[in-house]
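Colleague: To start, I am sharing the structure in question, which I have written as structure tokens.
In full-length UniProt numbering, the protein residues as written are 1 to 203.
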């Protein structure tokens with residue numbers, strides 16, 4: 001899993017597929033417990049370790065595992081990724097939250113919760129245009145109350161930002177100098193008013 005770095009984990013994982021999947025499930029449940037207690041640091045750790053146990057390299061994933069094995073892994077991996085994304089939003093680690101959502105969408109392009117979490121993180125990064133795209137996709141897949149509320153919030157923030165931008169740049173985009181002469185132009189490019197000779201345009 002290139003989106004997650006497991007170099008900090010020292011414990012060994014089993015070579016038996018079923019054992020690894022069960023370990024991931026156990027760590028997910030532990031993470032859920034800490035999440036419910038608002039202990040986001042421990043929740044992050046246990047979700048992270050859960051993903052570690054079902055981290056299969058490219059060759060294993062594509063050539064050793066059968067379709068049923070991949071489906072079983074995804075049934076555990078997807079909720080862990082989404083829960084870990086929620087935790088990292090709480091911890092204000094928004095870029096990593098977005099990476100987790102993209103990992104889910106790579107395997108399930110119609111996952112409404114992944115688009116919702118991604119929009120949350122993008123909103124916190126003030127990437128309102130991207131957030132609106134994500135939340136619109138989430139709404140097209142699920143008309144949940146929280147999705148609609150987040151969409152309205154993002155739209156309001158985007159309108160406020162556009163108004164601020166217009167006010168900031170009002171009248172500044174197109175300068176309208178009066179009596180703009182050659183000498184005035186030269187004074188702009190030669191602020192020290194040094195004397196120099198103009199070269200001809202053609203020779």
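For every residue, glycine included, the Cβ atom is placed at its ideal position computed from N, Cα and C.
Within 10 angstroms of its Cβ, does residue 196 collect 16 or more other Cβ (buried), or is it exposed?
Modeller: Within the chain shown, the letter at position 196 stands for residue 196. Any reading at residue 196 must be qualified, since the residue scores a pLDDT of 43, below 50, and its modelled position is unreliable; the value itself is stated next. Exposed, because fewer than 16 other Cβ atoms sit within 10 Å of the Cβ of residue 196.
Colleague: What do you get for residue 83, buried or exposed, if any count of 16 or more other CB atoms within 10 angstroms of its CB means buried?
Modeller: Here residue 83 is taken as the residue at index 83 of the chain shown, counted from 1. When all chains shown are included, residue 83 counts as buried.
Colleague: Flag this pair as yes or no: are the beta carbons of residue 91 and residue 44 separated by less than 8 Å?
Modeller: Working through the chain shown from its first residue, we reach residue 91 at position 91. Working through the chain shown from its first residue, we reach residue 44 at position 44. Taking 8 Å as the Cβ cut-off, residue 91 and residue 44 qualify as a contacting pair.
Colleague: Span of the alpha helix (DSSP H) holding residue 136?
Modeller: Position 136 of the chain shown holds residue 136. Where residue 136 is concerned, the enclosing alpha helix (DSSP H) stretches over 128-141.
Colleague: Could you tell me the alpha carbon to alpha carbon distance between residue 35 and residue 89, rounded to whole angstroms?
Modeller: Residue mapping note: residue 35 aligns to position 35 of the chain shown, counting from 1. Residue mapping note: residue 89 aligns to position 89 of the chain shown, counting from 1. Roughly 12 Å separates the two Cα atoms.
Colleague: When the Cα of residue 15 is compared with those of 94, 23, 146, which residue comes out closest?
Modeller: What you label residue 15 is simply residue 15 of the chain shown in a count that begins at 1. Of 94, 23, 146, the residue nearest in Cα terms is 23.
Colleague: Hey, how far is the Cα of residue 56 from the Cα of residue 155?
Modeller: If you number the chain shown from 1, residue 56 lands on position 56. If you number the chain shown from 1, residue 155 lands on position 155. Each residue's alpha carbon lies about 40 Å from the other.
Colleague: Considering residue 75, what are the terminal residues of the alpha helix (DSSP H) in which it resides?
Modeller: As a first step, residue 75 is located in the chain shown; it is residue number 75 there, counting from the start. Residue 75 -> alpha helix (DSSP H) spans 67-90.
Colleague: Going straight from the alpha carbon of residue 114 to that of residue 98, what length do you get?
Modeller: Taking the chain shown and counting its residues from 1, one reaches residue 114 at position 114. Taking the chain shown and counting its residues from 1, one reaches residue 98 at position 98. Rounded to whole angstroms, residue 114 to residue 98 spans 9 Å at the Cα level.
Colleague: Take residue 117 as the anchor and find which of 18, 147, 51 has the nearest alpha-carbon.
Modeller: Counting from 1 along the chain shown, the entry for residue 117 is found at position 117. That would be 147, whose Cα lies nearest to the Cα of residue 117.
Colleague: For residue 79, which residues from the same chain have a beta carbon less than 8 Å from its beta carbon, with the 5 sequence-adjacent residues on both sides left out?
Modeller: As a position in the chain shown, residue 79 is number 79, starting the count at 1. Closer than 8 Å at the Cβ level, and outside the excluded window around residue 79, lie 28.
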